[in-house]
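For the sequence shown, UniProt numbering assigns the number 1 to the initial residue and increments by one for each residue that follows. Notes follow the structure.
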Amino acid sequence: MRDRTITTPGRTLTSTAAPVAAGLTAAVLALSGCVAGEGSAAAGSSDAGSGGWSTDAVAVDFATYNPLSLVIREQGWLEEELDGVEVTWVQSDGSNTANENLRAAAVDFGSTAGSAALLARANGSPIRTVDIYSQPEWSAIVVPGDSDITDVADLEGTSIAATKGTDPYFFLLQTLEEAGIALDDVEVQNLQHADGRAALDNGSVDAWAGLDPIMAAAEAEAGDRLVYRNIDFNTYGFLNAREEFVEEHPDVTQAVVDAYERARAWALEHPEELSALLADVAGIDPEVAATVIEERTVLDLDPVPGDEQRAVLEVVGPIFVDSGDVPAQTNVDTALDELFAPEFAQEAVTDE
Numbered sequence: 001m002r003d004r005t006i007t008t009p010g011r012t013l014t015s016t017a018a019p020v021a022a023g024l025t026a027a028v029l030a031l032s033g034c035v036a037g038e039g040s041a042a043a044g045s046s047d048a049g050s051g052g053w054s055t056d057a058v059a060v061d062f063a064t065y066n067p068l069s070l071v072i073r074e075q076g077w078l079e080e081e082l083d084g085v086e087v088t089w090v091q092s093d094g095s096n097t098a099n100e101n102l103r104a105a106a107v108d109f110g111s112t113a114g115s116a117a118l119l120a121r122a123n124g125s126p127i128r129t130v131d132i133y134s135q136p137e138w139s140a141i142v143v144p145g146d147s148d149i150t151d152v153a154d155l156e157g158t159s160i161a162a163t164k165g166t167d168p169y170f171f172l173l174q175t176l177e178e179a180g181i182a183l184d185d186v187e188v189q190n191l192q193h194a195d196g197r198a199a200l201d202n203g204s205v206d207a208w209a210g211l212d213p214i215m216a217a218a219e220a221e222a223g224d225r226l227v228y229r230n231i232d233f234n235t236y237g238f239l240n241a242r243e244e245f246v247e248e249h250p251d252v253t254q255a256v257v258d259a260y261e262r263a264r265a266w267a268l269e270h271p272e273e274l275s276a277l278l279a280d281v282a283g284i285d286p287e288v289a290a291t292v293i294e295e296r297t298v299l300d301l302d303p304v305p306g307d308e309q310r311a312v313l314e315v316v317g318p319i320f321v322d323s324g325d326v327p328a329q330t331n332v333d334t335a336l337d338e339l340f341a342p343e344f345a346q347e348a349v350t351d352e
């Protein structure tokens, strides 16, 4: 992580939350005020940072499927704001790795799909969702350009790559269920996202439940085809935090969420720069990155986790139980009641 010398003062994003849109808008959000929680009573604890924060260290993930995380890391806003706090950045390759790192306390904040957050909480991982960073269409069913597979019905009896515990995997489960194909009627190869693309390209599998930006690169570079798309099967992008961290360090939690909302404002005003940043971090062509950002990622949305996200998760929850990923529906119901911590995003976007 390189040193930054940004001298902008601490601030909290204020805006009027916009409804979910079909694409990026040119909405301008105002930045003003001080970060909530700075100098709070918690700062007097024995592990308080020298800048008056309640901890002297925080670990935050970044991921190519979470463009706002790339902005925050690149701009150095957390390092500047959290004076006296050591900020560590850890890359997540997928929701599964983010969840593993959250469970192991290797990170305090991790980026996942909504489905993966619910799965983790339903299986006992103590996490809370503190911000919604995007509504992406980041998954689809992908086949080689010369494949005989033309629709979902053709998937029966095939071998499909998917990363279990991630949105593409649950996208696949929903796709099969909608088509009346039992999970036992296909072979699912549990491969990390990049390995799934490689398996598709070398003929080891017939199809792949893909994830952007790798999926968009596969289309552009190898001529792979998306044979099934459905944005409703893609759950939102969730920023999750370890429950213990949220309870013990609400001031730093607020600062992280404030940074996310500052990054959202920046991203909406600078879509070309955001595409260039994604291309650089992901190692993909800028035009591919632009497709991901401008055509398949909605950032102009209400970041407060709530009813819209719960409605989506109520659909996928029973699929977890049917597939054996969660032991009982009661686990899902309890997780839905306990997962969201909306107060941080509410504070970050409240008009003054």
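The beta-carbon is built from N, C-alpha and C at its ideal position, and this holds for glycine as well. Nothing here was measured: the structure is a model prediction, and the numbers come from that model.
Asked	Found
Cα-Cα separation between Asp232 and Val312, rounded to whole angstroms	8 Å
Residue range of the alpha helix (DSSP H) that includes Gly317	307 to 323
Close beta carbons around Arg121, own chain, < 8 Å, minus the five adjacent residues each side	Ile127, Ala335, Glu338, Leu339
The region 239 to 246 touching the region 127 to 143, judged by at least three CB pairs closer than 8 Å	yes
Residue from Asp195, Asp212, Gly180 with nearest C-alpha to Ser204	Asp195
Coarse secondary structure for Leu336, derived from DSSP in three states	helix
Trp266 - DSSP class collapsed to helix/strand/coil	helix
Among His270, Thr166, Gln174, nearest to Val315 - alpha-carbon criterion	Gln174
Exposure of Gly145, with buried meaning 16 or more beta-carbon neighbours within 10 Å	exposed
Nearest to Val288 (by Cα), restricted to the options Lys164, Ala259, Ala57, Ala218	Ala218
Endpoints, the alpha helix (DSSP H) within which Gln174 is located	167 to 179
Exposed unless 16 or more other CB atoms sit within 10 angstroms - verdict on residue 353	Here the chain has residues from 1 to 352 only, and residue 353 is not among them.
Proximity of Pro305 and Tyr65 at Cβ, strictly below 9 Å	no
Within 9 Å, strictly: CB atoms of Asn234 and Asp167	yes
Exposed unless 16 or more other CB atoms sit within 10 angstroms - verdict on Pro327	exposed
Within 9 Å, strictly: CB atoms of Gln135 and Val252	no
Proximity of Val107 and Ala57 at Cβ, strictly below 9 Å	no
Residues near Ala117 by beta carbon distance below 7 Å, same chain, minus five either side	Ile127, Thr129, Phe238, Asn240, Leu339
Assigned exposure category for Ala41 - 16 Cβ within 10 Å defines buried	With a pLDDT of 35 at Ala41, under the threshold of 50, the modelled position of this residue cannot be trusted, and the question is left open.
Thr163 burial status per 10 Å Cβ neighbour count (16 or more: buried)	buried
Short Cβ contact (9 Å threshold) for Thr150 with Val186	no
Complete beta strand (DSSP E) runs within the region 175 to 218 (minimum length 3 residues, chain order)	187 to 190, 207 to 211
Distance cut-off 8 Å: Ser275 Cβ against heavy atoms of the ligand PLP	Inclusion of the ligand PLP in the displayed structure is not the case, the ligand content being empty and no account of it being possible.
Per DSSP, the bridge partner or partners of Gly110	Asn240
Identity of the residues DSSP links to Gln135 by a beta bridge	Val298
Which of helix, strand or coil DSSP assigns to Ser159	strand
Rounded Cβ spacing between Val72 and Ala267 (contact assumed at less than 8 Å)	According to the sequence provided, residue 72 is Ile. The question's Val does not apply to it. 10 Å between Cβ atoms; not a contact.
Cβ pair residue 353, Ile141 closer than 9 Å	No statement about residue 353 is possible, as the shown extent of the chain runs from 1 to 352 and does not include it.
For Gly110 and Asp61, believed in contact at Cβ under 8 Å, the rounded distance	5 Å
Val85 versus Leu226: straight-line alpha-carbon distance, rounded	44 Å
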